[in-house]
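K.L.:
Going line by line, the protein sequences match chains B and D.
Here our numbering is used: the first residue of the first sequence is 8, the next is one more, and so on.
Here our numbering is used: the first residue of the second sequence is 8, the next is one more, and so on.
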Amino acid sequence: MRRGIRVLALASVLAAVGVASGAVPSYPDVVPGNALNFPADEGAHPPFRTEWWYVTGWLKTAAGAPLGFQVTFFRTRPDVDAANPSAFAARELVIAHAALSDPAAPRAKHAERIARAVFGLARAAVGRTDVTLGDWQLVSSGALFATRVKADDFAFELTLRRRGPVLLNGQGGFSRKGPAETSASWYYSIPGLAVTGALTRNGRPEPVTGEAWLDHEWSSAYLDPESVGWDWLGLNLDDGGALMAFRIRDAKGQARWAGGSLRSPDGRVLILEPGEVDFVAGRTWRSPHTGIRWPVEWRVRARSLEFGLRPLLDDQESDSRLTTGAVYWEGAVTAMGPAGRLGRGYLELTGYGEPLKLR
Amino acid sequence: MSGFARARVAFTVLAAQLQDRPERLLVTIGAIALGIALSVSVTLVNASAADEFGRASRALTGSADLVIDGGRGGFDEALYPSVARRPEVTVASPVLETELALAAGGTLMVLGVDPFLAGRLEPAIYGDLASHFTGLLGARAIVLSAAAATTLNVGRGGTLRVRLGREERLLEVIDVLPSSAYPRPLGVMDLGSAQWTLLRLGRLSRLELRLAPGVDPARFGASLALPAGALIARGTDLEGRGASLRRAYYANLDMLALVALLTGGFLVFATQALSTLRRRAQFALLRALGVTRAEVTLAVVLEGALVGLAGGILGTALGWVIAREALARFGGDLGAGYAAGPGTPLAAPATTLVAFVALGVLVSALSSWLPARRVAALAPARALKGGDPEFALATSSGGRRGAGLLIAGGAIAFAPPLGGLPLAGYLSIALLLFGAVLLVPSFARLVLAHLPTRVGPIGRLALAQLQGTVAESAVSLAAIVVSFSLMVSMAIMVHSFRDSFERWLGGVLPADVYLRVAPGSDTVLLSDADGRDIAAIPGVERAELRRVLPVLLAPDRPAVALIARRLDAVSVDRLPLLERASATPADLPAVYVSEAVHDLYRVGIGSRLTLPVGGQGRAVVVAGIWRDYARSSGTILIEQGTYRAWSHDVASTDAALWLKSGASAALVGAELTRRLKLGASLELIETSDLKARSLTAFDRAFTITYLLEAIAVAIGLAGVGFAFASTALARRAEFGVLRHLGCSARQLKRLLAGEGALVGALGALYGLLVGGLLSLVLVYVVNRQSFHWSLDFVVPVGQLLLVALALVLAAATTARLAARGVLGTSAVRAAREDW
C-alpha cells in the first residue's frame with residue numbers, strides 16, 4: 008500500500024504547476040483485465056505516475072533481541088514539461104525511506120533520500136527489480152533480493168530469499184482503492200521472505216536474521232478526493248500463511264473502502280471483500296514530536312480471523328514532510344489471537360495529522 | 008604624607024588645571040574623538056561589508072568541503088556524474104549560476120540547483136525549498152531571496168519579466184525566502200528548468216561537494232581530472248575573491264583615519280608638553296611636598312588617559328553614527344563600487360567598539376608619557392626657581408634617530424605586499440613620518456639660520472624669538488608637519504591618479520558611441536547579424552563587436568575579464584600599452600594583458616598563459632602589458648578570430664560605434680533602440696558622457712579622502728593655535744616689557760602674526776618636502792599593490808602652493824587670535840607676573 012497518498016499529494020501539486028508549461032504528460036489508467044507478467048512486472052513501470060517497492064520485517068540479533076525495519080523505494084513521474092531537453096529535467100524522481108525500530112530505544116530511527124533519476128545516479132530499472140538512489144539500493148537476482156541502506160546513524164545490508172510464490176492482490180493484481188472504478192493500483196506482495204545480513208549501529212556491524220514482506224504497487228490515480236488516509240497491515244503468520252488487509256478512511260474516520268488477501272499455509276488465497284475487513288482502534292499514543300494522536304493498538308477482523316495488534320514500540324512515527332510532505336506511523340506489530348501469537352508484521356497509518364490533501 | 012593623600016594633592020592640582028582651560032581641554036578631546044570616530048566608522052563600514060559579503064558567500068557555498076568551480080563560463084555537465092560516483096563524495100550538488108537580464112534593466116543572479124542535493128549542503132537557503140520542491144519543478148518557476156523581492160518589488164505569486172535574447176518572458180515567483188536565508192538579491196530555479204529556460208543546456212557552473220569523513224579535500228581535489236576552466240576551490244577562496252579588492256580600498260581609508268588619530272595624539276603631546284612646562288612650578292612643589300617622581304609621571308599620564316577616555320568614548324559613538332548613516336546611504340563601499348549597495352546592515356561587535364575606546368586612551372596616555380617623564384625628571388629646587396624649558400624633541404640624538412628612520416622607511420618601501428595588502432608601504436610611511444618629525448628641530452634651525460635678518464624690528468624680534476625657542480616651537484611645528492605632509496602626499500597621489508585616469512579615458516575610448524546589452528548578463532547577447540544591422544544604420548560609419556567574458560584563472564581570485572575583439576596593428580597601437588614585445592613568437596596567438604594580470608599572475612612580456620576557452624586550455628603568449636583602470640582584477644585582450652575559432656562562440660556583449668561626421672548620436676541611438684528591440688537591456692552611451700560619468704564616479708570615490716584630509720589639517724592647525732596660546736601666556740612678561748619699551752598693541756599683534764606665519768611657512772615648506780617623499784610611496788607602492796595599476800607621478804603644483812599659502816595665513820591668524828587674551832592685560836601687571 009504505502010506512500011501512495013504522499014506521492015499523490017505531490018503529484019497533484021505537480022499537476023497544478025505543469026498546466027502552465029505546455030506539454031503535460033498523460034498517465035495510463037489502471038484497468039482490470041491485463042494479466043501481470045513476471046519477472047518483467049517486478050521492474051519499474053515508468054509511464055505510471057507513482058510506484059513503490061516496500062520492504063518491512065522483523066530482525067533478530069545474535070543476542071536474540073527483536074528489531075523492526077523497513078525500506079521503501081519509490082519512483083514518481085512529475086508533471087514536468089516533457090519538451091525540456093535538459094539532462095537534469097526532473098522527468099522521474101526516486102525517493103527512499105528507511106527506518107529501524109529498537110524496543111530498547113525511545114524511538115525508531117529514520118532516514119530518507121530523494122533524487123531525480125539522472126545520469127544513472129538514481130534510477131528505477133525496467134524489467135526487473137533494480138532501484139538505486141546513490142548508495143541505497145534494492146535489486147533482485149533469481150530467488151534473492153538484496154537491499155542496502157546507509158543512513159547517518161544506522162545502515163544495513165540484507166539478503167531476502169523468496170520462500171513462496173508471488174501473492175497477487177485484488178483481481179489478479181488489480182486492486183481497487185475506493186468506490187470509484189478509477190482509483191485502483193496494480194499490486195502484488197511477496198510475503199515470508201527469509202532475511203540474513205548485517206546491521207550497523209553506532210559504527211558497529213552485527214549479523215542479523217529475520218523475516219520480511221515486500222509490496223510492489225503502481226498506479227496513476229490512487230485515492231479519490233474524499234479519502235484522507237488509510238490503515239494497512241502486512242502479517243507473516245506463524246503457521247506459514249500471510250495476511251494483507253487495508254482500509255481507506257474518509258474525513259470522519261469511517262471506512263470508504265477495504266480489502267485484503269489471506270494466504271493459508273497450503274498456498275490457497277482468499278481475496279477479502281470490503282465487508283470482510285474491520286479495523287477497530289484501541290489504545291492511542293500522542294506523539295510529542297507532532298502532537299498527532301495515533302491509535303497504536305488495534306482489533307482487526309479479516310473474514311473469520313480476529314486478533315489484536317500490539318506495537319513493538321509506541322514511537323514509530325515518521326515525519327517525512329521534508330521529502331513527501333506527510334507524517335505517518337509505521338511500525339513493527341505483533342498479532343495476538345485468543346490462543347496466543349498469530350504472527351508478526353508491519354502496520355502503516357496515514358492521514359491522522361492534517362488531512363492528506365496537503366499543501 | 009600618605010601615598011593616598013599625595014595622590015589626592017596631585018589630582019587636585021591637575022583638576023584645577025583641567026578646570027582652568029576648558030576650551031583647550033574640549034578641543035584636545037575633540038581631536039582625539041575625531042581621529043577615533045574616523046577609524047571607527049571606516050572599520051565598521053568595512054567590517055559590515057565584509058560581514059555581509061562573507062555571510063552571502065558562506066550561505067551559498069560555506070558548508071561545502073570543496074567546490075569545483077567553472078566560473079561563469081562553467082563546464083560540461085558530464086563532469087557531474089563522474090564526480091558524484093566517486094566513493095569519497097557524500098553529496099555532490101550541481102549548480103548553474105547565471106546573470107539573468109531583467110526586462111526592466113539590470114540583472115539578477117539566478118542559481119539553478121537540485122533542491123534535494125543543495126538542501127543537504129545548505130539547508131539555510133534550500134532546506135525549505137526541498138520540503139516544497141514540487142512547485143519549483145515548473146519550467147518558469149523561480150524563488151526569490153527577500154532582498155531580491157524587495158529590490159524588484161515582487162512577491163509570492165507575482166511574475167518577473169526577464170529578457171532572454173530578443174524575447175521577454177515571464178517567470179512565476181512561487182515563493183520568497185526568509186531574509187535570514189540569504190542577505191543579497193538572488194533567484195533560485197530548478198536546475199533542469201534553469202538549463203532550459205535560461206538557454207544554458209549542458210552547462211554547469213560549479214559542483215559543491217561534501218566529502219566522506221576522513222577524506223582530505225586537497226588530496227581528493229588533486230586526484231580529479233578536471234576540464235579546462237574548472238578549478239578546485241575552498242569556501243574561503245570564494246570569500247577571498249570579493250574581499251581582496253574591497254580590503255585594499257578600506258586599508259587605504261583606515262590609513263587615513265589613523266593619520267587623523269595620529270595627529271590627534273600629537274596634539275595631546277603638544278598640549279601636555281606645553282602645559283606641563285607651564286606647570287613646572289606646581290609639579291616641583293608637589294615633589295617638594297614628597298610626591299615621588301613616578302607619581303608625578305603617573306599623574307600626568309593619567310591626565311592624558313582621561314582626555315583619551317573622553318575622546319575615545321565620544322569618538323566611538325560618533326563613528327558608530329557615521330558608519331550607520333554611510334551604510335544606509337551609500338552601502339558597504341561608500342559609493343566606490345566594490346561591495347553591495349545601500350542597505351548593508353551595520354555589524355558593530357562590542358569588542359571592536361571597546362577596542363577603539365582603549366585605543367583613544369592608549370594614544371593619549373602615550374602622548375602624555377614623554378612630557379610627564381620630562382617634568383618629573385626636573386630637580387624640584389631648580390624648577391621652582393623657573394627656567395630651563397628643555398624639550399624632548401630637541402635632543403641631539405633625535406636628529407640621528409630621525410635620519411635612521413628615514414633610511415629604514417625608504418628601504419622598507421621596496422618590500423613586496425603581504426597577504427595582498429601594501430603593509431610594508433604603510434610601515435614605510437609611518438617610519439618616514441616619524442623620522443621627519445624627529446628632524447623637525449634640525450630643519451627649523453637650519454632654515455632659521457639662513458633667513459635674512461634685515462626685516463625691521465618686529466620681523467627681527469619674531470625671528471629671534473623662534474631662533475631662541477626652536478625646541479619649543481618644534482612641537483607645534485611637528486603637529487603641522489604631520490598633518491600637512493600627509494595631506495600633501497594624498498593630494499599628489501589623488502592628482503596623479505586622476506590625471507592618469509583622465510588621459511587613459513581619452514585613449515581607451517576611441518569610438519563615438521558605446522553599446523552594451525544587459526551588462527554582465529548571460530542571457531542577452533548580440534549576434535553578428537545585429538552587428539551588420541548596427542553598421543547599416545544611417546550615420547554609422549563602422550561598428551566593432553566585442554565579447555567580454557569572465558574567466559577564472561585562480562580559485563582564490565576574482566575572474567579576469569577576457570575581451571575578444573579585433574586586434575589589428577592599428578587597434579593595438581591605440582592601446583595604452585606600457586610594455587610591448589619587440590617580436591612575438593609566431594606559433595602562439597598573442598594576448599595583451601592589463602597590469603593587474605601582470606602583478607597577480609606573475610606574467611610578463613613573452614610569458615605563456617593557458618586560457619580556458621571552449622572547454623580546453625589554450626596556450627597564448629603575452630605580447631603587451633597595458634593599463635586598465637576599469638578592472639582591477641585583470642583584463643586580457645585576445646583577437647576575436649582566435650577566440651571564435653576556439654570557442655565557436657560568435658556572440659558579443661558590447662559594440663563600439665564610429666559615427667560619420669555630422670551624424671547625430673541621438674538619432675543613431677533612437678534607430679538602434681528601434682532595430683535591436685532589446686528594451687531596457689540596451690545601454691547606449693556617448694563617449695563624452697562616458698568620460699564625464701567616469702570622472703564623476705572617480706571623484707565620488709575620493710570624496711571621503713578629501714574629507715579626511717581636511718580634518719587632518721584642521722587638527723594640525725588647532726595644534727598651532729594651542730602652541731601659540733601657551734607660549735603667548737608664557738610670554739606675558741616679555742610682552743609687558745615690550746609694551747613698556749613703546750611697542751603698540753598692534754605691533755605686538757603683528758609680532759605674533761609674524762611668528763605664526765613663520766612657523767606656518769616652516770611647516771608648509773617642510774610638509775611639502777616630506778609629503779612629496781610620502782607621495783612617492785603612495786603612488787609607487789601603496790596604490791600599485793592595492794589596485795595593481797600604475798600611475799604617472801604628477802604634482803599639482805598650483806593647488807599645493809595655494810594650500811601652503813592658506814596654511815601660512817591660517818597659522819598667522821591662529822597665532823594672533825590665540826594671543827588675544829594675553830595682549831589685553833595691563834602692561835604693568837603683565838611685566839610683574841612670573842610664570
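Glycine residues also receive a C-beta, built at the ideal position from the N, C-alpha and C atoms.
Closer than 9 Å by beta-carbon distance: list the chain B residues that pair up with D/A418, in chain order.
P.N.:
Going along chain B, no residue has its Cβ under 9 Å from D/A418, so there is no contact; the nearest lies around 58 Å.
K.L.:
Give the residues from the stretch 115-141 of chain B that approach chain D closer than 9 Å (Cβ to any Cβ), ordered along the chain.
P.N.:
Listed by position along the chain: R120, I121, A122, R123, V125, F126, G127, L128 and G141.
K.L.:
Can you tell me whether B/D321 is buried or exposed? The criterion is at least 16 other CB atoms within 10 Å of its CB, across all chains shown.
P.N.:
Flag for B/D321 reads buried.
K.L.:
Got a sec: is the Cβ-Cβ distance from B/N209 to anything in chain D below 8 Å?
P.N.:
No, B/N209 does not count as interfacial toward chain D.
K.L.:
When DSSP builds the beta bridges, which residues end up paired with B/M251?
P.N.:
DSSP output for B/M251 lists B/G241 and B/S268 as bridge partner(s).
K.L.:
Taking just the CA atoms, how far does B/G267 sit from B/M251?
P.N.:
Using only the alpha carbons, I get a separation of about 5 Å.
K.L.:
At which residue ranges does the stretch 147-214 of chain D contain complete beta strand (DSSP E) runs of 3 or more residues, listed in the order of the chain?
P.N.:
If we require 3 residues or more, the beta strand (DSSP E) runs fully inside the stretch 147-214 of chain D come out as 148-151, 166-171, 174-183 and 194-197.
K.L.:
Within the chosen definition, does the stretch 661-678 of chain D reach the stretch 584-600 of chain D through at least 3 CB pairs nearer than 8 Å?
P.N.:
As far as the Cβ criterion goes, the stretch 661-678 of chain D does not touch the stretch 584-600 of chain D, which means the pair count is below three.
K.L.:
Per DSSP, B/H117 forms a beta bridge with which residues?
P.N.:
DSSP, once it has assigned bridges, lists B/A106 as partnering B/H117.
K.L.:
Within the chosen definition, does the stretch 519-538 of chain D reach the stretch 102-117 of chain D through at least 3 CB pairs nearer than 8 Å?
P.N.:
Contact holds: three or more Cβ-Cβ distances are below 8 Å.
K.L.:
For D/V90 and B/L242, what's the separation of their Cα atoms in angstroms?
P.N.:
Looking at the two C-alpha atoms, the distance is approximately 43 Å.
K.L.:
Output, in sequence order along the chain, the residues in the stretch 83-106 of chain B whose CB is closer than 7 Å to any CB in chain D.
P.N.:
The stretch 83-106 of chain B vs chain D, Cβ under 7 Å: P85, V87, D88, N91, P92, S93, A94, F95, A96 and A97.
K.L.:
Name the chain B residues whose beta carbon is nearer than 7 Å to that of D/G686?
P.N.:
Under the 7 Å cutoff, chain B gives no residues; its nearest Cβ is about 23 Å from D/G686.
K.L.:
Which class does D/E129 belong to by DSSP, given the choice of helix, strand or coil?
P.N.:
Looking at D/E129 - three-state DSSP - the assignment turns out to be coil, as it is neither helix nor strand.
K.L.:
Is D/E509 close to chain B, meaning its C-beta is less than 8 Å from at least one C-beta of that chain?
P.N.:
So no, D/E509 is outside the interface.
K.L.:
Identify, in the order they occur along the chain, each residue of the same chain with its Cβ nearer than 6 Å to the Cβ of B/G350, setting aside the five sequence neighbours on each side.
P.N.:
Same-chain partners within the cutoff: L242, N243, L244, D245 and A342.
K.L.:
Any contact of the stretch 185-201 of chain D with the stretch 147-167 of chain D, i.e. 3+ C-beta pairs under 8 Å?
P.N.:
With a cut-off of 8 Å, the stretch 147-167 of chain D and the stretch 185-201 of chain D count as touching, because enough Cβ pairs lie within range.
K.L.:
Starting from B/A205, follow its DSSP beta bridges and name the residues at the other end.
P.N.:
Beta-bridge pairing links B/A205 to B/E164 and B/P214.
K.L.:
Can you confirm whether D/L198, when its beta carbon is compared against all beta carbons of chain B, has any partner nearer than 8 Å?
P.N.:
Output row for D/L198: interface = yes.
K.L.:
Is D/P619 helix, strand or coil when you go by DSSP?
P.N.:
The answer is strand: DSSP assigns D/P619 an E or B state.
K.L.:
For a test of the three-state rule: what should DSSP assign to B/Y359, helix, strand or coil?
P.N.:
DSSP places B/Y359 in coil when its eight states are reduced to three.
K.L.:
Taking all protein chains shown into account, do 16 or more other C-beta atoms lie within 10 angstroms of the C-beta of B/Y353, making it buried, or fewer, making it exposed?
P.N.:
It is buried - the Cβ of B/Y353 has at least 16 other Cβ atoms within 10 Å.
K.L.:
Comparing C-alpha positions only, which one of D/T680, D/T642 and D/L759 sits nearest to D/L618?
P.N.:
Comparing Cα-Cα distances from D/L618 to each of D/T680, D/T642 and D/L759, the minimum goes to D/T642.
K.L.:
Does any CB atom of chain B fall closer than 8 Å to the CB of D/D83?
P.N.:
Judged by the 8 Å Cβ criterion, D/D83 is not in contact with chain B.
K.L.:
Of all the alpha helix (DSSP H) runs that stay within the bounds of the stretch 765-804 of chain D, which reach a length of 4 or more residues?
P.N.:
You should have 790-794.
K.L.:
Round the Cβ separation of D/T97 and D/L218 to the nearest angstrom and send it over; I've been treating them as touching at under 8 Å.
P.N.:
Confirmed, about 6 Å.
K.L.:
Expressed to the nearest angstrom, what Euclidean distance is found between the alpha-carbon atoms of D/R93 and D/G228?
P.N.:
Cα to Cα, D/R93 sits roughly 12 Å from D/G228.
K.L.:
Excluding five sequence neighbours on each side, which residues of the same chain lie with their C-beta closer than 7 Å to the C-beta of D/S503?
P.N.:
So the qualifying residues of the chain are V786, L798, D799, F800 and V801.
K.L.:
Going by beta carbon distance, what residues of the same chain come within less than 8 Å of D/D1, once the five residues before and after it are set aside?
P.N.:
This structure cannot settle anything about residue 1 of chain D, because the visible part of chain D is limited to 8 through 842.
K.L.:
Work out the CA separation of B/Q144 and B/A208 for me, nearest whole Å.
P.N.:
The sequence given here has Arg at residue 208 of chain B, not Ala. If you take the alpha carbons of B/R208 and B/Q144, they lie about 19 Å apart.
K.L.:
Looking at D/L103: is its Cβ nearer than 8 Å to the Cβ of D/R147?
P.N.:
No, the Cβ-Cβ distance between D/L103 and D/R147 is not below 8 Å.
K.L.:
Look up B/Q77 in the DSSP assignment and say whether it is helix, strand or coil.
P.N.:
Strand at B/Q77.
K.L.:
Pairs of beta-carbons, one from the stretch 187-201 of chain B and one from the stretch 155-162 of chain B, closer than 8 Å: are there three or more?
P.N.:
Output reads no: the stretch 155-162 of chain B does not touch the stretch 187-201 of chain B.
K.L.:
Out of B/L316, B/A90 and B/L230, point me to the one whose CA is closest to B/G185's CA.
P.N.:
The candidate whose alpha carbon is nearest that of B/G185 is B/L230.
K.L.:
Listing by chain order, which chain B residues have their CB less than 9 Å from the CB of D/P88?
P.N.:
In chain order: V125, F126, G127 and L128.
K.L.:
Return yes when the Cβ of D/I43 is within less than 8 Å of the Cβ of D/T323, no when it is not.
P.N.:
The answer is yes: Cβ separation under 8 Å.
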